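What follows is a short report on a single structure.
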Amino acid sequence: MHPTRRALTLGLALPATMAALVGAGPAAPASRPAPAGTDRHVPKPTIVLVHGAFADASSWSGTIRRLQHAGYPVLAPANPLRGLAVDTAYLRSVLAAVDGPVVLVGHSYGGAVISGAAVGDSRVKALVYIAAFTPDKGESAAELAAKFPGSTLGDTVNPRSYPLPGGGTGTELVIEPAKFQRQFAADVPTADAAVMAVSQRPVATAALEEKAGRTAWRTVPSWALIATADKNIPPAAQQWMARRAGSHVTEVDASHAVAVSRPAVVTHVILAAARATR
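Heads up: the sequence shown begins at 7 in the working numbering, then just goes up one per residue.
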């Protein structure tokens, strides 16, 4: 059995509502009212949504619609899921094309990616962890998931090989489609979960085993949504990481696929973070 799959069996998990719209511009002299048209709207931050393992960017669809309705610019890039350093570098390249302030949101393994990508980027004003890993330097997703019991993911994943760019092969993990809904998306309608099962993005075991470098949550304010019915990342692990990071915590009775099953709650947490940046 591959070491990462064995870790999964022991407990590995792989993987605020309405925004304040304006901030006042330079104040007019106290002796007279400000002339009409002098107020300047503070730009809303761009919300960048990063999916995790066994998902893709479409998992944010319900959240994206709500954020756009609230007037926020949104990006939901594809997370390569090949290695933590590689994925982090890719997200940094996405952020380089964004003007103005940013709120970074990560689901599952995506939490590890946003933690690294935000380091040294002063435009990132908030980090939001949605049923996500919040690693510290030197920690891997595999290690964090094994700290607490409760994950049943190891019994549902299968390893398979894929070619590496420089030659040789790597190992990636997929959830067996027949077990996907029960494991990953128990509160998602069956028809929708069936689509998610066949469109899932595999994660390289290397990504789960790679240790994090510097992490931005030590200096950037953070918010965390804990999915209390999560069978991937044990809720106890999510709570422990959120407390350590000093995150603003919201708990909801939801599966690991909380962004799909409870997009209104996810949006609420993101907007709380976005509002705090303005």
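All C-beta atoms in this analysis are idealised placements derived from N, C-alpha and C, irrespective of residue type, glycine included. The structure displayed is predicted, hence computed values, not measured ones.
Task: Proximity to G112 [Cα-Cα], best of R129, A184, A151 and A61 - done: In the sequence shown, counting from the first residue as 1, residue 112 sits at position 106. Ranking the options by Cα distance to G112, first place goes to A61.
- [ ] Could you tell me which of A233, V272 and Q245 sits nearest to S261, measuring between CA atoms?
- [x] Numbered from its first residue, the sequence shown carries residue 261 at position 255. Selected option, being the one with the closest Cα: A233.
Task: G160 versus G176, F190, V100 and S146, residue with shortest Cα-Cα distance - done: Residue numbering aside, residue 160 sits at position 154 when the sequence shown is read from its first letter. Of the candidates G176, F190, V100 and S146, the one whose C-alpha sits nearest the C-alpha of G160 is F190.
Task: Counterpart residues of A230 in DSSP-defined beta bridges - done: The count along the sequence shown starts at 1 and reaches residue 230 at position 224. The partner list for A230 (beta bridge, DSSP) reads Y135 and V255.
Open item on the list: Let's test the definition: count the other Cβ atoms within 10 Å of the Cβ of S146 and tell me whether it reaches 16, buried, or not, exposed.
Closed with: By one-based count along the sequence shown, residue 146 stands at place 140. S146 comes out buried.
Open item on the list: Just to confirm, is the Cβ distance from S114 to F139 under 9 Å?
Closed with: Reading the sequence shown from its first residue, position 108 is the one you call residue 114. Reading the sequence shown from its first residue, position 133 is the one you call residue 139. Yes, the Cβ-Cβ distance between S114 and F139 is below 9 Å.
Task: Distance between beta carbons of T69 and G106, contact taken as under 8 Å - done: The sequence position of residue 106 within the sequence shown is 100, counting from 1. The sequence position of residue 69 within the sequence shown is 63, counting from 1. That belief does not hold up - the Cβ atoms of G106 and T69 are roughly 20 Å apart, past 8 Å.
TODO: Check whether the stretch 234–250 touches the stretch 93–109, taking contact to mean three or more Cβ pairs, one atom from each stretch, closer than 8 Å.
DONE: no
Task: Option in G117, H75 and E149 with minimal Cα separation from A132 - done: Locating residue 132 in the sequence shown gives position 126, where the first residue counts as 1. That would be G117, whose Cα lies nearest to the Cα of A132.
Open item on the list: Using a Cβ distance threshold of 8 Å, determine whether the stretch 192–206 contacts the stretch 77–89, with at least three qualifying pairs required.
Closed with: no
Task: Where D259 falls, given that 16 or more other Cβ within 10 Å makes a residue buried - done: As a first step, residue 259 must be located in the sequence shown, where it is residue number 253. D259 comes out exposed.
Task: R220, buried or exposed, once every other Cβ within 10 Å from all chains shown has been counted against 16 - done: Position 214 of the sequence shown, counted from the first residue, corresponds to residue 220. Burial call: exposed.
TODO: Return helix, strand or coil for V264, following the three-state DSSP convention.
DONE: Taking the sequence shown and counting its residues from 1, one reaches residue 264 at position 258. Helix.
- [ ] Pull up the CB-CB distance for A270 and R72, whole angstroms please, since I reckon it's below 8 Å.
- [x] Reading the sequence shown from its first residue, position 264 is the one you call residue 270. Reading the sequence shown from its first residue, position 66 is the one you call residue 72. That belief holds up - the Cβ atoms of A270 and R72 are roughly 7 Å apart, short of 8 Å.
Open item on the list: Which complete beta strand (DSSP E) runs does the stretch 81–115 hold, if anything under 3 residues is left out?
Closed with: 108–114
Task: DSSP state of E178 mapped onto helix, strand, coil - done: As a first step, residue 178 is located in the sequence shown; it is residue number 172 there, counting from the start. Note: E178 maps to strand in three-state DSSP.
TODO: Note down the Cα distance separating A184 from A210, rounded to an integer number of angstroms.
DONE: Position 178 of the sequence shown holds residue 184. Position 204 of the sequence shown holds residue 210. Computed Cα separation, rounded: 21 Å.
- [ ] Flag this pair as yes or no: are the beta carbons of A265 and V272 separated by less than 9 Å?
- [x] For the purposes of this step, residue 265 is identified with residue 259 of the sequence shown, where counting begins at 1. For the purposes of this step, residue 272 is identified with residue 266 of the sequence shown, where counting begins at 1. Yes, they are a contact pair.
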